[in-house]
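As structure tokens, the structure follows; a few thoughts come after it.
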Amino acid sequence: MLNSFGLLGMFLIIAILVTAAFVLIPIALRLVGLGARRNPNTDKYTIYECGMVSVGKTHIQFNFRYYFFAVLFVAFDVLAIFLFPWALWMGNAGVFELGAAVLLVVIVLIGYLYAWKKGVMQWK
Amino acid sequence: MAVDIAFWILAAIAVVSAVAVVTLRDVFRAAIFLILCFFTTAGIFVTLNADFLAAMQVLVYIGAVAILLIFAILFTRDVQQGNPSNKLKVPAAIVGVVLLGVMVSSAVTFGWPESVYLPELADTADIGQRLFSENGYVVPVQIAGLMLLAAAIGAIVLMREK
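Same order as they appear, the protein sequences are chains A and B.
Once you know that position 72 of the first sequence is 71 in numbering that gives the first Met the number 0, the rest is easy, because the numbers rise by one and skip nothing.
Once you know that position 85 of the second sequence is 84 in numbering that gives the first Met the number 0, the rest is easy, because the numbers rise by one and skip nothing.
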């Protein structure tokens, strides 16, 4: 079915390799741990090379302000859906198509400008 | 043949990781397994010659949905124990079983007719032409852009501290 070893073949190879990495890396790390000799002491458990000794729990509630960055990121991510097929077809596109894509980007950019104006990206 | 092997590997890992998402107590690990599940789904799309869907799966589901999920985990407190089980266990089980029954029965009874047209290879550029060309769907695309704008502004307006 996959008769041309082109773009799709590349995608498939990437999909298989990333999946393999997800699955095999934890297994490999576990196997490495099996053969290791355990001889812990306090110095070994200190923070590696640099950094401060953490105070309290490390799992803290992050500041809610990051939410706005997430929202803007999602908006531009969905914009990328539209720009991806447009970019692949861009080679034989004319002025009208370029204008349509620019208009689309401008429309979404208004949201970004609004967020900028309202100062949600400032850390007050 | 190679595509079949790839499909079965990806499908098996997708099912295993999807089961891991609902069984793991650690929410963060469940999110990581969800990303793996999304990625294997993208790989299955590739085995079906649907390169645009595969790219969307990676861009939107892994790039946006999974990142939002991890953000949500960062914003919450005391999630080390995961979701505590509550009184909705029995209704949720009933709904799940009914939904599974509906899906399985419709999948079995549906005829699955095969299209007489062969799928095109790497047809993402054609989608671009349909979306942006003069006699295509330019206006719906711009309306979708307006919807995105409304969603972004609405989320900011709703969440901003006064």
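For every residue, glycine included, the Cβ atom is placed at its ideal position computed from N, Cα and C.
Only a predicted model underlies this, so the values are computations on that prediction, with no experimental measurement involved.
| query | result |
| --- | --- |
| Sequence ranges, beta strand (DSSP E) only - wholly within the segment 47–128 of chain B, length at least 3 | none |
| Proximity test, Cβ basis, 8 Å: residue 26 (chain A) and chain B | no |
| The segment 147–160 of chain B touching the segment 66–78 of chain A, judged by at least three CB pairs closer than 8 Å | yes |
| First and last residue of the uninterrupted alpha helix (DSSP H) at residue 85 (chain A) | 65–88 |
| Beta-carbon proximity of residue 39 (chain B) to residue 61 (chain B), cut-off 8 Å | no |
| Nearest-angstrom Cα separation, counted from residue 108 (chain A) out to residue 102 (chain A) | 10 Å |
| Partners in chain B for residue 54 (chain A), counting only beta-carbon separations shorter than 9 Å | Chain B residues near residue 54 (chain A): none, gap ~17 Å exceeds 9 Å. |
| Cβ-Cβ separation, residue 123 (chain B) to residue 84 (chain A) (assumed contact under 8 Å), whole Å | 5 Å |
| The segment 16–23 of chain B contacting the segment 40–58 of chain A, beta-carbon criterion three pairs below 8 Å | no |
| Chain A contact for residue 63 (chain B) (CB, 8 Å cutoff) | yes |
| Residues of the segment 34–51 of chain B whose Cβ lies closer than 7 Å to any Cβ of chain A, in chain order | 35, 38, 39, 41, 42, 45, 46, 48, 50, 51 |
| Own chain, CB closer than 7 Å to residue 82 (chain A), minus 5 neighbours either side, in chain order | 100 |
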